[in-house]
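In what follows, a structure is listed as structure tokens, so that the remarks can point back to it.
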Amino acid sequence: MPEFVLTVARFGFLILLWIFVFTVVGVIRKDLFAGVRSKGIVASPRGVGGTVPSGPPPAKAKRGKAARQLVVTAGQLAGTRITLSEAPITIGRAEDSTLIITDDFASARHARLVPRDGQWFVEDLGSTNGTYLDRGKVSGPTPVPLGVPIRIGRTSLELRP
Amino acid sequence: MKTQRNAELGLLAFAMALVAAYGAIVEANQFDKITPTFWVPAALLSVLFLGLHVVVRYTAPYADPVLIPAVALVNGLGVGFLRRLDLARSIANNEPEPGFFAGTGGRQLAWTLAALILASVLLLVVRDHKVVSRYAYTLGLVGIVLVMIPAVLPSSLSEINGAKLWIRVGSFSIQPGEFAKLALVSFFAYYLVRKREVLSLASRRFLGIDFPRGRDLGPVVTVWLLSLLVLVFEKDLGTALLYFGLFVVTLYVATERASWLIIGLLLFFGGVYLAYLLGASVGGPFANFYDRAEVWLEPFATENYDRVGGSYQLVQGLLALGTGGLFGSGPGSGSPGFVPEVRTDFIFAGMGEEIGLFGLSALLVIYLLIVERGLRAGLAVRDSFGKLVAGGLAFTLGLQVFVILGGITGLIPLTGQTTPFLSAGGSSLMANWLLIAMLLRISNAARGPAASGGGVDRPGGPKKAPTQLHGAMTEVIKP
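Chains A and B are the protein sequences, given in the same order.
At position 58 of the first sequence the residue is numbered 58 (UniProt numbering), and the sequence of numbers has no breaks.
At position 375 of the second sequence the residue is numbered 375 (UniProt numbering), and the sequence of numbers has no breaks.
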């Protein structure tokens, strides 16, 4: 084998190794920004005043857009996102809940979120300390607007488009 | 979220191409020609990893796409390097080229098969990582027993190179501690999910940091004592550091209190310094650790270099790394024969001579990415037990790489840890692939869509969530 080929192979291998590393990073990057982009959709109606005419759009955006994600905004699970499907979501300490919260103020089966015709309803399942939508206590199935916090114990949840 | 299984397949193909290229370059350097069968080990490995990929497609479709290819690359390069050592030996002895399943490289290939079968079984059996929490106390007991077995066994059955970490039966030896860490992570996670409130709420503020109350220090002190016992009776600093670090970090993740890290570091360094002082004055069970520390402090001193069990190994490793320099001598053209234990503990030094700092740092970044994906799964998963298990497992992997690499490069006293996925050895490979399978399972739960009632399809699970509760004013109380 000529020396030249060996040298090329030696450096080529190292370069390929690093290309592999960067390919992996690329895949991870796609994964990371999948969450951020959806956040951008939330922010644009409020933040960008220039492109969107002021006034009605925010309210309209809230009513018109379907919720696609449930995001935990406060509490031990803060930052967790659940991609919504047609299935109801149960919240509580019980192991078989969709969102398991280990919180002294949460009951085993605390509340659940049910979709009906594209609108999500929150329903308290007879919890000890109650479920709150923004400030009001939830007594029956209550429609949940986008971006309004649902409070359970020390945990807050929000629907996001 | 997309499953990204095809991205995984693509990355896997890339990784295997790299392994094949490595094999080809090794042959070019060793034989001065590339034999027509250079691709066979890489192809065999590809078949194995493809099998795991298919299992993941069916049992954990949303699992992280990066974990398997990254680990497969490290594992494949490990097999390639071990085969390279076999080739060098056969050339030196004028023997024919060893078969694909002969020698250390072949054994490693067989171990990879076993490890992947174990990982697949774990993925098939454990369909929901929360099930593991039901066996937490059993696993905790199993973990402690596994750690203790080598300490209790007589030296003839458990000691290799001065570290009592093994169970030896004839020519066959396993390292139970490798499996113990998996069991212990599950147990710690379960225990801390239960106790986190007490540990994180009751505290006293001192110097701007919240410190826990004295009586809550019980568990951390217990684990500290246990790991000191490991240090003394199994004569292995690395393992002790691994278990203790694992517990402290899980505690930190569970409570979000930086004070646990401070307490942990103080306790550990205090304990190690104490062991060093005792080793210098009393000797006995501490003598081994004292020797290792001396070797670490002065590796180039003549009396340490010439002593049996002295710094010869460490110095040869450092010289190999130094010879490699920035770009290395090229795969297959170094002389790893000078480094003792190059197949196991010093594999990084041996590889480092040939792929240089550039190659080694690529490998390190790959380890880093594996750990990052594990932590990421922990961040995204929706239950505390899963968070703690994923965080603990990912951290264990990172810490183990740190301990062995720190030892080889002289940053910390050298201890006989295996380099995950790279070193020759079945126990380490199997245990670490099980670890990856668990991470895959958790990341599947983290990235997958929420199924109804959270029941990620649990076949044959007797416990089904009551589907209709409506407004019934009852609370289901679980023991």
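Yeah, the Cβ is synthetic: ideal placement off N, Cα and C, and Gly gets one too.
By the neighbour-count definition (other C-beta atoms within 10 Å, threshold 16), Ala114 (chain B) is an exposed residue.
Boundaries of the alpha helix (DSSP H) harbouring Asp86 (chain B): Leu67 to Ala92, taken from the DSSP string. In the assembly as shown, Val138 (chain A) is a buried residue. Its beta-carbon has 16 or more other beta-carbons within 10 Å. Residue contact check for Arg89 (chain B) against chain A: no CB pair falls below 7 Å. Taking one beta carbon from each stretch, the stretch 270-281 of chain B and the stretch 187-201 of chain B have fewer than 3 pairs nearer than 8 Å; the two do not touch. The beta carbon of Trp120 (chain A) does not come within 7 Å of any beta carbon belonging to chain B, so the residue lies off that interface. Rounded to whole angstroms, the separation of the alpha carbons of Ile89 (chain A) and Phe121 (chain A) is 10 Å. In this model, Leu17 (chain A) and Ala28 (chain B) are separated by some 18 Å (Cα to Cα).
If you look at Arg292 (chain B), you'll find it in the alpha helix (DSSP H) that goes Ala287 to Leu297. The beta-carbon distance between Thr344 (chain B) and Gly425 (chain B), rounded to whole angstroms, is 6 Å. This is short enough to meet the 8 Å contact definition. Against chain B, the beta carbon of Val24 (chain A) has neighbours under 8 Å at Leu11, Val66, Pro69, Ala70, Ile366 and Leu369, listed in chain order. If the five residues before and after Leu265 (chain B) are omitted, its C-beta is found closer than 7 Å to no C-beta atom of its own chain.
In this structure, Gln175 (chain B) sits away from Leu87 (chain B), with a CB-CB distance that is not shorter than 7 Å. Each residue's CA atom was taken as its position, placing Leu118 (chain B) and Leu368 (chain B) some 24 Å apart. Gln69 (chain A) is bridged by DSSP to A:Thr83 and A:Arg160.
For the stretch 20-32 of chain B, the residues whose beta carbon sits under 7 Å from a beta carbon of chain A are, in order, Ala21, Tyr22, Ile25, Ala28, Asn29 and Asp32. Contact between Leu440 (chain B) and Leu67 (chain B) holds: CB atoms are separated by about 6 Å, below the 8 Å threshold.
In the DSSP assignment, Thr131 (chain A) falls outside any alpha helix (DSSP H) and within the unbroken beta strand (DSSP E) covering Thr131 to Leu133. Taking all protein chains in view, the Cβ of Val230 (chain B) is crowded by 16 or more other Cβ atoms within 10 Å, so the residue is classified as buried. Within chain A, the residues whose beta carbon sits less than 7 Å from that of Phe14 (chain B) are Phe20 and Thr23, listed in sequence order. DSSP places Glu159 (chain B) in the strand class (E or B) of the three-state scheme. Against chain A, a Cβ distance below 8 Å from Arg382 (chain B) picks out Leu77, Thr80, Ile82, Thr98, Leu99 and Ile100. One thing to note: Ala390 (chain B) has its Cβ within 7 Å of the Cβ of Ile442 (chain B). Straight-line measurement puts the Cα of Tyr132 (chain A) at about 26 Å from the Cα of Val198 (chain B). For Phe11 (chain A), the residues of chain B that pass the 8 Å Cβ criterion are Phe327, in the order they occur in the chain.
Sequence-distant partners of Leu146 (chain B) (beyond 5 residues in either direction) whose C-beta falls short of 8 Å from its own C-beta, in its chain, are Pro176, Gly177, Phe179, Ala180 and Ala183.
Taking 7 Å as the CB threshold, Leu133 (chain A) stays off the interface with chain B. Sixteen is the threshold: since fewer than 16 other Cβ atoms of the shown chains lie within 10 Å of the Cβ of Asp32 (chain B), the residue is exposed. Not one beta carbon of chain A lies nearer than 7 Å to the beta carbon of Pro61 (chain B). Assigned with DSSP and collapsed to three states, Glu234 (chain B) falls in coil, not helix or strand.
A Cβ of chain A is located within less than 7 Å of the beta carbon of Phe358 (chain B).
Assigned with DSSP and collapsed to three states, Ala94 (chain A) falls in coil, not helix or strand. At least one beta carbon of chain A lies nearer than 7 Å to the beta carbon of Lys130 (chain B).
In the DSSP assignment, Ala111 (chain A) forms a beta bridge with A:Ile91 and A:Asp124.
Judged by their CB atoms, Val253 (chain B) and Leu379 (chain B) are not nearer to each other than the 7 Å cut-off. Cα atoms of Asp128 (chain B) and Leu122 (chain B): separation of roughly 11 Å, rounded to the nearest angstrom.
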